[in-house]
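One structure below.
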């Protein structure tokens, strides 16, 4: 990634993303030749077409969307809080989602009649996760209007996470073994369980989220200088903070709803992008982070599918397993990481 | 332009008001460099931020529009990958919409600001690669790119070496003259402030600010009251030495070689007087030399050594 021009790198990353997308559609537990895939795309009736249309394409599209959303959300949080350790989950949304899904999965089937009805619906996890995310989001927005600085908001988000995590732990303690297992599996993340209808909703929410984020690039850039300088440059801090939080909530919340809490991508990809592309301008960083996130999650999904096996590893196992050494390698090769 | 009437500055917590400055009437004049001095913790930064509209005044009002004031603060900027050009271009942000596309006229302003601080050659340098002095010049360029009539700077020379301090202050003075800007510098650097400021604002510790030209304030003894100098005589600009050797020395010579020799003698505890038994002569010119009791010395160190043996 030496000294090639920024535009070239931009195109390079885009091509990498497309390549990984094609590979993710092409490779899997059933061997399908690339030629066959293109042929079958237009004949939906065969078995191969079935696999591609109803399983691999929605899964690859989910990776594309979820990766972009998580990385963009992570970038927003790192810049808003000027904290290299922030990720899209620092607002506590995924914790809220975990809590609600925990309620449905761990208490639903056994004890509470109302939840039992809900939990049998195929949408139950999505609805529960969305509900949990929205509840925390409303709480955060209410709090954001009263706190004066971003650091307080960060700490409040972390406290909400800690609180909900302890409630989840309590649920785990009292739940049946098989319910606990299904919750643990949910919490390891999954990109393979989405149908086209869900992908459409995810795509809509992610596009809105990224659109809002792009409308805030000026504030994001100015926030790199700190809140005092940003205000002295005419940035309306409370309004841009609100929009950044709304955007991150849409991005992280929708991904958690459909894929579970996917770890690491949101934290690591913005750092990888800043190390590989020497820019501090969010107008460029944001699309780059989105493409980087898509590529990362597609790569992780590829590696989660062991070739010629039916087993699929949970996505969270792979994201950290690949991401962590990658970030360490880039830091050692480059320099210190900061926002 | 910026002015303030009956301005009270400080913090308001839920329980009580903490007033740092009370009932101030202030104004800044175009083309003037004002140094704002006062002891640590007196509230210099708070007043600066209030004047800039970042903090609400406790009472009274500041007559300035947000776009009239550019700020250079002490906040450290650590943004990864940010270049000199990026930082200076922030100065044009108040004139840009959300797309932040720079037009040729924006770029012209940014280039001009870089030229004013002589950093054109460093435009693509990352901030992490700059020295503290260069970083301060970039911050000043950012303030210039804001095209405001007023620039407020908080401790712009802190952590800089003497050379960089002089460069920054000289630059600020020439900018105020050349571009007709009002520049207010909060600073601890008494010596530099006295030599460069057109006007001094002195926080007197009773929640008031005394204003005056540097020399008047020195002669009135205002600085002595505020800073409570310990062993420093502001009127002569010298650190006071005790003539602990109880020896009087007569010194003959002219200009700076005379002054530095006197400095060395006093620092070493001799009393330099009009007439004494011990006589030292300084020969100025291209090669400085000293004479004591018919012997000649090439350096002050050898002269002092000979003196102490006497």
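Protein chains in written order, with our numbering: chain B, 1 to 339; chain H, 340 to 649. For each residue, glycine too, the CB sits at the ideal point set by N, CA and C.
Neighbour-count burial assignment, residue i, 16 or more Cβ in a 10 Å radius
i              : result
residue 379(H) : exposed
residue 11(B)  : exposed
residue 258(B) : buried
residue 2(B)   : Because residue 2(B) carries a pLDDT of 41, less than 50, the predicted location of this residue cannot be relied on, and no value is offered for it.
residue 567(H) : exposed
residue 59(B)  : buried
residue 30(B)  : exposed
residue 260(B) : buried
residue 184(B) : exposed
residue 232(B) : buried
residue 291(B) : buried
residue 221(B) : buried
residue 40(B)  : buried
residue 329(B) : exposed
residue 376(H) : buried
residue 585(H) : exposed
residue 581(H) : exposed
residue 244(B) : buried
Strand pairing of residue i, partner residues [DSSP]
i              : result
residue 634(H) : 631(H)
residue 342(H) : 366(H), 402(H)
residue 376(H) : 541(H)
residue 385(H) : Per DSSP, none; premise fails for residue 385(H).
residue 618(H) : 589(H)
residue 349(H) : 358(H)
residue 557(H) : DSSP, once it has assigned bridges, lists no residue as partnering residue 557(H).
residue 354(B) : There is simply no residue 354(B) to check, as chain B begins at 1 and stops at 339 in what is shown.
residue 410(H) : 491(H)
residue 522(H) : 372(H), 490(H)
residue 465(H) : 422(H)
residue 550(H) : 540(H)
Any C-beta of chain H under 7 angstroms from that of residue i
i              : result
residue 218(B) : yes
residue 6(B)   : no
residue 279(B) : yes
residue 233(B) : yes
residue 274(B) : yes
residue 3(B)   : Caution is warranted here: a pLDDT of 48 is assigned to residue 3(B), below 50, making its placement in the model unreliable, and the coordinate value is therefore given only provisionally. No, because no Cβ of chain H sits closer than 7 angstroms to the Cβ of residue 3(B).
Neighbouring residues, chain H, relative to residue i (Cβ below 7 angstroms)
i              : result
residue 338(B) : 417, 419
residue 283(B) : 439
Minimum Cβ-Cβ distance from residue i to chain B less than 7 angstroms
i              : result
residue 471(H) : no
residue 433(H) : yes
residue 429(H) : yes
residue 407(H) : no
residue 412(H) : yes
residue 493(H) : no
residue 453(H) : no
residue 482(H) : no
residue 500(H) : no
residue 537(H) : no
residue 572(H) : no
residue 364(H) : no
residue 340(H) : no
Within chain B, the residues that residue i reaches when beta carbons sit closer than 8 angstroms
i              : result
residue 598(H) : Ordered by position in chain B, no residue passes the 8 angstroms Cβ test against residue 598(H), which lies about 44 angstroms from the chain.
residue 610(H) : Going along chain B, no residue has its Cβ under 8 angstroms from residue 610(H), so there is no contact; the nearest lies around 52 angstroms.
Cross-chain neighbours of residue i in chain B, by beta carbon under 7 angstroms
i              : result
residue 361(H) : None at all; the shortest Cβ gap to chain B is about 24 angstroms.
beta-carbon residue i near the ligand GTP non-hydrogen atom, thresh 6 angstroms
i              : result
residue 361(H) : The ligand GTP is absent from the structure shown, which contains no ligand whatsoever.
CB contact check: residue i to chain C, cutoff 7 angstroms
i              : result
residue 297(B) : You won't find chain C in this structure, because its protein chains are B and H.
### Message
Short of 9 angstroms Cβ to Cβ, which residues in the stretch 541-564 of chain H face chain B?
### Response
none
### Query
For the stretch 196-228 of chain B, which residues have a CB atom closer than 8 angstroms to at least one CB atom of chain H, in sequence order?
215, 216, 217, 218, 221, 222, 224, 225, 226, 228
### Message
Against chain B, which members of the stretch 511-529 of chain H pass a CB distance test of less than 9 angstroms?
### Response
none
### Members of the stretch 381-393 of chain H near chain B, C-beta cut-off 9 angstroms
388, 391, 392, 393
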